[in-house]
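> Read in order, the letters of the sequence shown are residues 4 to 301 in the working numbering.
Take a look at the following structure, please.
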Amino acid sequence: MDISTSLCGVKLKNPIVLASGILGTNAAILERVAISGAGAVTLKSIGPVERQANNNPSVLAWEHGLINAVGLPSSGYKHYNWEGYDKLSCPLIVSIYGSTVEEYVEVAKALSSKGKILEINISCPNKHDGMSFCLNIDAATEVVKSVKKVVHVPVFVKLSPNVPNIGLLAAEVERAGADGITAVNTLGPGMIIDIEAKRPILAYKTGGLSGPGIKPIAIKCVYDIYKAVKVPIIGTGGITTGRDAIEMLMAGATAVGVGSAVYYHGMDVFKKMADEMQEWMKMNKYKSLKELIGAAHE
Ligand code: RRO
């Protein structure tokens, strides 16, 4: 069964997208993800200047997902190694971050032609000002307007679930020119304490939550965003099975982001999810993804 989809004219053989931050640091690994069946892959966010990762432990599994404080490590866009990216066998989404509008614009200008879609990350919980653009609608719309002026590929904006009204935020971001929304980034920050050691386990102390435990929040966020906007949504947060992907499409996503699931199921997860989706659709007599997208709203 055909489960191909399209994001602003960018064709995907299936709706399963590697989310930013997972494996997305070099072309060889991303090509393995593509060969393993992903419909598109997203780079780990690239920033304006070199930045070191946080000390270990920076990622940890808890009962219902993962917690990370990776720390936005980046070579900085000027030193990024682009070798091999031109040969990727699926569309590339380039993710960027900054601390000021000027920094977002600088990185966007330099990198927008490297991928088929540019994703603006305004929602990282692991930096003191990482979410400031997402928590302030004026700041979010200003960054989108400014980036849109300098790039010629579709611009998706990655939102945090930690906002009071994500539908309103998405609508304003759409009005500012965003071509799509990616929702959601990790929830939090949260904290896990080692009671024997009497201290937080992560070296950074706090981190963003992902994985199955946040799926209902991600589904609700996408449901609210779908009601508020016309642009496509990449629904991300706790999607680990084909059934989860279908649930996310029914909430209103056009594609689904997969991150923590790679930790649970390895590279096979992409093909497995696509196969599960097709089987479920056949069994339930759905003929195309179009019939699923937003179906929970009817
Ligand atoms: O690198 C990170 O710590 C990180 C980023 Br940039 C992000 O957007 N979300 C997240 O959970 N971790």
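Note that CB positions come from ideal geometry on N, CA and C, so glycine has one too.
Quick one: any contact between the stretch 149 to 169 and the stretch 115 to 126, if contact means 3 or more CB pairs under 8 Å?
Counting Cβ pairs under 8 Å, three or more are found: they touch.
> To which residues does DSSP link R202 through a beta bridge?
The residue labelled residue 202 in the question sits at position 199 within the sequence shown. According to DSSP, R202 bridges with D197.
> Alpha carbon to alpha carbon, how far is S263 from S213?
Within the sequence shown, numbered from 1, the residue matching residue 263 stands at position 260. Within the sequence shown, numbered from 1, the residue matching residue 213 stands at position 210. Distance between the alpha carbons of S263 and S213: 7 Å.
> Determine the closest residue to C11 out of Y267, A258, A200 and G269, with distance taken between C-alpha atoms.
In the sequence shown, the residue the question calls residue 11 occupies position 8. Cα-wise, what sits closest to C11 is A258.
> Using DSSP bridges, identify the partner residues of L252.
The residue you call residue 252 lines up with position 249 of the sequence shown. Looking at the DSSP assignment, L252 forms no beta bridge with any residue, so it has no partner.
> Can you give me the start and stop residues for the alpha helix (DSSP H) that I49 sits inside?
In the sequence shown, the residue the question calls residue 49 occupies position 46. No alpha helix (DSSP H) holds I49; DSSP gives it neither H nor E.
> In terms of residues, what are the limits of the beta strand (DSSP E) holding E301?
Within the sequence shown, residue 301 is the residue found at index 298, counting from 1. Run containing E301: none; DSSP gives neither H nor E here.
> Note down, in chain order, each residue of its chain lying with its Cβ closer than 7 Å to the Cβ of P76, except the 5 sequence neighbours on either side.
Residue mapping note: residue 76 aligns to position 73 of the sequence shown, counting from 1. Around P76: R54, Q55 and A56.
> What are the residues that DSSP puts in a beta bridge with W65?
By one-based count along the sequence shown, residue 65 stands at place 62. In the DSSP output, where bridge partners are listed per residue, W65 has G68.
> Starting from the C-beta of G216, find all residues in its chain whose C-beta is less than 6 Å away, skip the five residues before and the five after it, and write them out in chain order.
Stepping through the sequence shown from its first residue, residue 216 is reached at position 213. Once the five neighbours on either side are set aside, the close Cβ partners of G216 are H67 and G68.
> For the alpha helix (DSSP H) containing E34, list its first residue and its last residue.
Indexing the sequence shown from 1 puts residue 34 at position 31. Per DSSP, E34 belongs to the alpha helix (DSSP H) from A30 to I38.
> Would you tell me roughly how many angstroms separate the C-alpha atoms of G191 and I120, rounded to the nearest one?
Position 188 of the sequence shown, counting from 1, holds the residue named residue 191. Position 117 of the sequence shown, counting from 1, holds the residue named residue 120. Going from the Cα of G191 to the Cα of I120 covers about 26 Å.
> Hey, quick one: how far does the alpha helix (DSSP H) through V104 stretch, first residue to last?
In the sequence shown, counting from the first residue as 1, residue 104 sits at position 101. Unbroken alpha helix (DSSP H) run through V104: V104 to L114.
> Count the other C-beta atoms from every protein chain shown that fall within 10 angstroms of the C-beta of N84, then say buried if there are 16 or more, exposed otherwise.
Working through the sequence shown from its first residue, we reach residue 84 at position 81. Its Cβ having fewer than 16 others within 10 Å, N84 is exposed.
> Where do the ends of the alpha helix (DSSP H) carrying T144 lie?
Here residue 144 refers to the residue found at position 141 of the sequence shown. Element bounds for T144: I140 to K151.
> Counting pairs of beta carbons, one from the stretch 189 to 206 and one from the stretch 228 to 236, are three or more of them closer than 8 Å?
No: the two stretches stay apart, fewer than three of their Cβ pairs being nearer than 8 Å.
> Kindly indicate which three-state DSSP category A221 falls into: helix, strand or coil?
Counted from its first residue, the sequence shown places residue 221 at position 218. Here A221 sits in helix by DSSP.
> Identify which residue in L114, N17 and V73 has its Cα closest to the Cα of S98.
Within the sequence shown, the letter at position 95 stands for residue 98. The shortest C-alpha separation from S98 is found at L114.
> DSSP puts A258 in a beta bridge; with which residues?
Within the sequence shown, residue 258 is the residue found at index 255, counting from 1. The partner list for A258 (beta bridge, DSSP) reads I237.
> Taking 7 Å as the cut-off, is the C-beta of Y80 nearer than that to any heavy atom in the ligand NAD?
Absent from the structure shown: the ligand NAD. Ligands present: the ligand RRO.
> Taking a contact to mean a Cβ-Cβ separation below 8 Å, would you say D182 touches V158 in this structure?
The count along the sequence shown starts at 1 and reaches residue 182 at position 179. The count along the sequence shown starts at 1 and reaches residue 158 at position 155. Cβ atoms of D182 and V158: closer than 8 Å.
> Pick out whichever of I6, T185, A111 and V156 has its Cα sitting closest to the Cα of V150.
Walking along the sequence shown from the start, residue 150 turns up at place 147. Of the candidates I6, T185, A111 and V156, the one whose C-alpha sits nearest the C-alpha of V150 is A111.
> Would you call P167 buried or exposed, if buried means 16 or more other Cβ atoms sit within 10 Å of its Cβ?
The sequence position of residue 167 within the sequence shown is 164, counting from 1. P167 is exposed by the Cβ-count criterion.
> Can you give me the Cβ contacts of A63 inside the same chain, cut-off strictly under 8 Å, excluding the 5 residues immediately before and after it?
Working through the sequence shown from its first residue, we reach residue 63 at position 60. Note on residue identity: the sequence assigns Leu, not Ala, to residue 63. So the qualifying residues of the chain are L69, I70, N71, I195, I204, L205 and G210.
> Which first and last residues belong to the alpha helix (DSSP H) in which G170 is found?
Along the sequence shown, one-based indexing puts residue 170 at 167. From DSSP, the alpha helix (DSSP H) with G170 extends over I169 to R178.
> What first and last residue would you give for the beta strand (DSSP E) that runs through K14?
Position 11 of the sequence shown, counting from 1, holds the residue named residue 14. That run of the beta strand (DSSP E) goes V13 to L15.
> Give me, in chain order, the residues of the same chain whose beta-carbon lies closer than 7 Å to that of Y267; leave out the 5 immediate sequence neighbours on both sides.
The residue you call residue 267 lines up with position 264 of the sequence shown. Closer than 7 Å at Cβ, skipping near neighbours: T243.
> Since V44 and L21 are thought to touch, with beta carbons under 8 Å apart, how far apart are those beta carbons, to the nearest angstrom?
In the sequence shown, the residue the question calls residue 44 occupies position 41. In the sequence shown, the residue the question calls residue 21 occupies position 18. Confirmed, Cβ separation roughly 4 Å.
> How about T185 and I228: are their beta carbons less than 8 Å apart?
Here residue 185 corresponds to residue number 182 of the sequence shown, with the count starting at 1. Here residue 228 corresponds to residue number 225 of the sequence shown, with the count starting at 1. For T185 and I228, no; Cβs fall outside 8 Å.
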